[in-house]
Amino acid sequence: MFSVWNWVVHGLYLLLNFCSLEVSGGLVQSCGHIIPESPVLALGSNFTALCILNESCLDFGNIYANQIIWKIKNRVVPKEQYREINRTVSSVTFNDTSSLATPLTCNILADGQIEQNIYGIAVTIGLPPEKPKNLSCIVRQVSKLIYPMTCSWNPGRHTFLDTHFRLKYRWPQENFPDCIPKDVNNSCTIPDVQFFVNLEVWVEAANALGKAESDPLVLDPIEIVKPLPPYNLSVNSGILPTVLKLSWENRISGALMKLKFNIRYRTIGDTKWMQVPPEDTASPRTSFSVQGLRPYTQYVFSIRCMKEDGVGYWSDWSEEKTGVTTEDKPSKGPPIWRIIDASHSPAFWTVRLMWKALEPFEANGIILQYEVTVRAKSSLSSSPEKYNVSTTNLTLKLPNGTYEVTLIARNRVGASPPSVLLIPATNSKAPVKNVRTLPKDGKLWVGWTAPNSYVLKYVIEWCLVSNSSDCIIEWQNEPGNVQGTYLKGDIKPFKCYLITVYPLYADGQGSGQSVKAYLQQDRPSKGPTVQTKKVGKAEAVLTWNHLTVDEQNGFIRSYTIFYKTVDGNETAVTVDPSKTEYTLSSLTSDTLYTVRMMAYTDEGGRSGPDFTFTTQKFGKGEIEAIVVPVCLAFLLIVLLGVLFCFNKRDLIKKHIWPIVPDPSKSNIAQWSPQVPAKHNFSSKDQMYPEGSFTDVSVVEIEADDKKSFSEQDLKPFDLLKKEKSTSEGHSSGIGGSSCMSSPRQSVSDSDEGETTQNTSSTVQYSTVVLNGYRDQTPVQVFSRSESTQPLLDSEERSEDHSGGGDSTSQRQQYFKQNGGQDEINTDRPCFERTKQITPTNDGDLVGFAQLQISGQSSQLLGLGLEKNTQEAALPDVLQTSIEGQTVRPETVEGNPPSVDEMPKSYLPQTVRQGGYMPQ
Amino acid sequence: MAAADSPSAALRQHDLCSRGIRLAGKMRSDVVDLLDTYVERQGLDASASVAAVEGVPAAAVERWNEQTGTQRLMENLAAYRAFRVLLAQMLEEHREQLGEADAALGRALASVLLQVSAFVYHLEELLRLARRGHPREE
Chain Y
0 MFSVWNWVVH
10 GLYLLLNFCS
20 LEVSGGLVQS
30 CGHIIPESPV
40 LALGSNFTAL
50 CILNESCLDF
60 GNIYANQIIW
70 KIKNRVVPKE
80 QYREINRTVS
90 SVTFNDTSSL
100 ATPLTCNILA
110 DGQIEQNIYG
120 IAVTIGLPPE
130 KPKNLSCIVR
140 QVSKLIYPMT
150 CSWNPGRHTF
160 LDTHFRLKYR
170 WPQENFPDCI
180 PKDVNNSCTI
190 PDVQFFVNLE
200 VWVEAANALG
210 KAESDPLVLD
220 PIEIVKPLPP
230 YNLSVNSGIL
240 PTVLKLSWEN
250 RISGALMKLK
260 FNIRYRTIGD
270 TKWMQVPPED
280 TASPRTSFSV
290 QGLRPYTQYV
300 FSIRCMKEDG
310 VGYWSDWSEE
320 KTGVTTEDKP
330 SKGPPIWRII
340 DASHSPAFWT
350 VRLMWKALEP
360 FEANGIILQY
370 EVTVRAKSSL
380 SSSPEKYNVS
390 TTNLTLKLPN
400 GTYEVTLIAR
410 NRVGASPPSV
420 LLIPATNSKA
430 PVKNVRTLPK
440 DGKLWVGWTA
450 PNSYVLKYVI
460 EWCLVSNSSD
470 CIIEWQNEPG
480 NVQGTYLKGD
490 IKPFKCYLIT
500 VYPLYADGQG
510 SGQSVKAYLQ
520 QDRPSKGPTV
530 QTKKVGKAEA
540 VLTWNHLTVD
550 EQNGFIRSYT
560 IFYKTVDGNE
570 TAVTVDPSKT
580 EYTLSSLTSD
590 TLYTVRMMAY
600 TDEGGRSGPD
610 FTFTTQKFGK
620 GEIEAIVVPV
630 CLAFLLIVLL
640 GVLFCFNKRD
650 LIKKHIWPIV
660 PDPSKSNIAQ
670 WSPQVPAKHN
680 FSSKDQMYPE
690 GSFTDVSVVE
700 IEADDKKSFS
710 EQDLKPFDLL
720 KKEKSTSEGH
730 SSGIGGSSCM
740 SSPRQSVSDS
750 DEGETTQNTS
760 STVQYSTVVL
770 NGYRDQTPVQ
780 VFSRSESTQP
790 LLDSEERSED
800 HSGGGDSTSQ
810 RQQYFKQNGG
820 QDEINTDRPC
830 FERTKQITPT
840 NDGDLVGFAQ
850 LQISGQSSQL
860 LGLGLEKNTQ
870 EAALPDVLQT
880 SIEGQTVRPE
890 TVEGNPPSVD
900 EMPKSYLPQT
910 VRQGGYMPQ
Chain F
0 MAAADSPSAA
10 LRQHDLCSRG
20 IRLAGKMRSD
30 VVDLLDTYVE
40 RQGLDASASV
50 AAVEGVPAAA
60 VERWNEQTGT
70 QRLMENLAAY
80 RAFRVLLAQM
90 LEEHREQLGE
100 ADAALGRALA
110 SVLLQVSAFV
120 YHLEELLRLA
130 RRGHPREE
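Residue numbers (numbering that gives the first Met the number 0), protein chains in the order written: chain Y, 0 to 918; chain F, 0 to 137.
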């Protein structure tokens, strides 16, 4: 419903507007109008408008002035600003036009509610023009006859209105048409002006709100001329090599104004202009000779002009023209220096003369050749050698001596003054002192302290020190009155330079003093690679190589060694840069250390790679201190053990190496009379057919009985031994198998010399051979046995009991045929112990030694002997050891019991190999 | 005290004379150039004398010593006024005959015309100053 009502109101509004248009167009009479129509108002001023209703509308629509509503655009003007002048006129007043906008409409409320537009006006608000300021004019010459004048000014503030500017000018007696700017509001150009008459110029600005004029400018246009620059400039070489003549034409008539000029010039490649003194060119002219130029130099010239009296403007610079001065002879001789190589021959020098090409301003032309004259000072009679070269060096091979070298450069015009270099035999003069360097302003300054003597000049020699390239020497001369200079060359940063200063005297030369320098330092490009030379328990010797010159980038001021354990803090040690080795101390043993090294220059340091090492677990000598005593102790123990074992060898032998009874030593054959024929068998097998046993008896001989044996009685034993020793293998295999007797039983000797077989423990045994050999009738062998105990057991027991036996009843146990007699003989020792027969003679030893046969088991051989020599002294044994076999020299104290003294049935017989001797 | 006797009047007169002389020189230079151009454009004889042209008053140089400065100024003023009229007539004819085809010649004519007018102004000013007081012999 509300929208429909709005639509209706809108339609009525359009209809009213249409009617109003009709009225304004004359077709339909309007109900009113506003005065003033389309006003232009100054910003900030007050403004009053009147809306006047037509009388015809009053009657027709009952419209009166009190119903008028003023609106700015769509905003209703507050009623406080209204004033009803009469019933047909209503006014509205604005104290400040800045609140105004367009359109301003006069409306009326029909029937008290419907708003109808009566009339509207467009309001224009702006500012009046300001007075133009800063008016200035310039006459720019564009051709020989045309001189337009351009005037410019400051138009002032923006007016928001269409403002017109006019440049007005006039002569006193004549007005000229105004100059109207095009597209701009601050300048205008008058196409042509006439000189020598004062011209009054001013600017007029006008808009709807007013008009303003600038202050007039009265001037003669000739005073503000900017002429065109001279043209057709040409440069010609003069007669002199230092003069160039310029010629040109002026574009402005001399009748109009007299000109003065500026001439500037520069050498090719230079950006800085030089200028001919203005007073030299302050008069009208069309040519000028520029003097004081360098010979054979290319110059660029340019020229400008202005009114002679300086009133007006300088023209632009003319186009540039180039000219070259003519050649002149070189102004000075080339600087010369030498390098002497005396390494090839002691008597001759290789002198490399080198000189610098003259600078263009010194050469004054093209150098065609150099003339080198070498004169030996020592031999006045010799004529000087002359060389003409086109290069800047000359290598000569000269004998050692003093030389004077003269160098002349020559061009087309002439020769330079000579340069003289004295080459003394030795640099014996005073050198400079305190050579020092200082980087300054991107250059390297070298200073020195002059010697006390007058120095003609100095030569500063330098070269870049590098591992990758040779030291290419550069040099420069300096006058003798200076004590410092900048190196004139391409000095690179981060590079090491070796700088040497030589003082040159009139009669000699001082030795060079050198210093190393950097123009700019940087951190080293890499750090030292550290490694260990020696690692101990608590210390490690680190070594490294110095960085190469190319890697240093500056002076190495110090090294810093950083080392740490895996979980420990890093420790730093500063090392003198001259060192290449350092010992880390107070390290923890058996610990992994990581070490790295930094090299520092003045600009910082750089670290080398990490290196790890592990300290040793033991220090130097510790292992030796442990091992040696242990070894010694071990050896001692072993020795003691050996001694002990040797002492107890019999006992040990008895335990681990029992003596196997040797059946060949048995007397059973003698003891058994039924088988005498068997004793004739030559071989053992024949003697002991398989399955047959011989009777074995134990013959116990009292040790004391031994005394009763005479040597004669023992001879058969010796013989037996000898024969036995020659019969190999007879004892093997017998003891364990064929002999029923215990080996230990048969070797019952003991250290104490006790007889293991005393009366109570003696096992009297014998074996009864039941079976015959094969189909033979077994031989009934009588064998005495008093015990049925197992032999070994009884032997063991007897062995065990032997220790507790009576020492006084020492007896040697022997095989014997008749056990029944043993008790009689047991108390008779067969042999005395060795120690008891210590007093012996060599003959005995020799005689005993004859019993030993090399290559035969002495054990076996000594079976019988051992029974006799159980008490042999150890030293004797050791002394007679031959080829690893122990020969126990045994001497028999006294004469052994003779055979005759012994019971016949028990006498041992000489047993030959292969059988038993019949008893 | 007469105005011409005042320093400002003397400076003014000196300034007028100085600039008048330079203007005359400039005018002469331009006229010579213009004459050359005109002769060339008209196909006239370059050697023809222009010292005496019918209708143009001659400068009273022949009786220069017999006249006062004011008289000289007046005669010169008359001559240049006549010259200005003739130049204006010539410029008008040029515009009618050549139109914009030879703008440079037209601009040269206009320029000379302006300079003649300026010189006339100078003469008038000098004459005015002379009539006020006793002008020096410039």
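For every residue, glycine included, the Cβ atom is placed at its ideal position computed from N, Cα and C.
8 angstroms Cβ cutoff met for residue i and residue j
i, j, result
"Y:I137", "Y:K259", "no"
"Y:I498", "Y:S510", "no"
"Y:R411", "Y:E326", "yes"
"Y:Y558", "Y:A516", "no"
"Y:K919", "Y:S415", "Here chain Y comprises residues numbered 0 to 918, so residue 919 of chain Y is not present and cannot be evaluated."
"Y:K532", "Y:Q615", "no"
"Y:L42", "Y:G125", "yes"
"F:Q114", "Y:Q193", "yes"
"Y:T484", "Y:V445", "yes"
"Y:V366", "Y:L352", "The sequence given here has Ile at residue 366 of chain Y, not Val. Taking 8 angstroms as the Cβ cut-off, Y:I366 and Y:L352 do not qualify as a contacting pair."
"Y:H314", "Y:P417", "A small correction: the amino acid at residue 314 of chain Y is Ser; His does not occupy that position in the sequence shown. It is not a contact, given that the beta carbons lie outside the stated cut-off."
"Y:L232", "Y:G322", "no"
Residue i, DSSP secondary structure in three states
i, result
"Y:R74", "strand"
"F:Y79", "helix"
"F:A117", "helix"
"Y:I365", "coil"
"Y:T448", "strand"
"Y:L639", "helix"
"Y:H32", "strand"
"Y:D340", "strand"
"F:N64", "helix"
"Y:H163", "strand"
"Y:S709", "Residue placement at Y:S709 is poorly supported in this model, since its pLDDT is 45, which falls under 50; the coordinates are not used for a value here."
"Y:R284", "coil"
"Y:P660", "coil"
"Y:N65", "helix"
Sheet register partners of residue i (DSSP bridge)
i, result
"Y:A571", "Y:F561"
"Y:V200", "Y:Y168, Y:L216"
"Y:P300", "One detail in the question is off: residue 300 of chain Y reads as Phe in this sequence, not Pro. Beta-bridge pairing links Y:F300 to Y:Y264, Y:K320."
"Y:L292", "In DSSP, Y:L292 forms no bridge with anything."
"Y:L420", "Y:V404"
"Y:N433", "The partner list for Y:N433 (beta bridge, DSSP) is empty, contrary to what the question assumes."
"F:I20", "BP columns for F:I20 are empty, so no partner."
Residue from the options whose Cα sits closest to the Cα of residue i
i, options, result
"F:V30", "F:V119, F:L104, F:Q96, F:E123", "F:L104"
"Y:Y592", "Y:T573, Y:E569, Y:T579, Y:F287", "Y:E569"
"Y:S369", "Y:L437, Y:T405, Y:C495, Y:F194", "At residue 369 of chain Y the sequence reads Tyr, which differs from the Ser that was named. The residue with the shortest Cα to Cα distance from Y:Y369 is Y:T405."
"F:L15", "Y:N197, Y:W152, Y:V572", "Y:N197"
"Y:T123", "Y:N153, Y:L586, Y:V141, Y:D161", "Y:D161"
"Y:S920", "Y:P128, Y:F561, Y:V202, Y:E54", "In the structure as shown, chain Y starts at 0 and stops at 918, and residue 920 of chain Y therefore has no counterpart that could be examined."
"Y:T266", "Y:W354, Y:R74, Y:L292", "Y:L292"
"Y:D549", "Y:K439, Y:P523, Y:D191, Y:Y485", "Y:P523"
"Y:K355", "Y:A424, Y:N45, Y:N476, Y:Q297", "Y:N476"
"Y:I179", "Y:W170, Y:R169, Y:E203, Y:E623", "Y:E203"
"Y:N363", "Y:K428, Y:L239, Y:A449, Y:N426", "Y:L239"
"Y:E248", "Y:L49, Y:I302, Y:E580, Y:V565", "Y:I302"
Legend entry - Residues in the stretch 16-42 of chain F having any Cβ partner in chain Y nearer than 8 angstroms: R18, G19, R21, L22, G24, K25, R27, S28, D29, D32
Legend entry - Residues of the stretch 153-172 of chain Y with Cβ closer than 9 angstroms to any Cβ of chain F, in chain order: If you check each beta-carbon in the stretch 153-172 of chain Y against every beta-carbon of chain F, the ones closer than 9 angstroms belong to W170, P171, Q172.
Legend entry - Positions along the stretch 184-199 of chain Y whose CB lies within less than 7 angstroms of some CB in chain F: D191, Q193, F194, F195, V196
Legend entry - Interface positions of the stretch 110-131 of chain F facing chain Y (Cβ-Cβ less than 9 angstroms), listed along the chain: Here the close residues are S110, L113, Q114, S116, A117, F118, V119, Y120, H121, E123, E124.
Legend entry - Contact list for the stretch 217-234 of chain Y against chain F, Cβ threshold 9 angstroms: D219, I221
Inset, instruction - With 9 angstroms as the C-beta to C-beta threshold (strictly closer), list the residues of the stretch 237-253 of chain Y near chain F in chain order. - result: S252, G253
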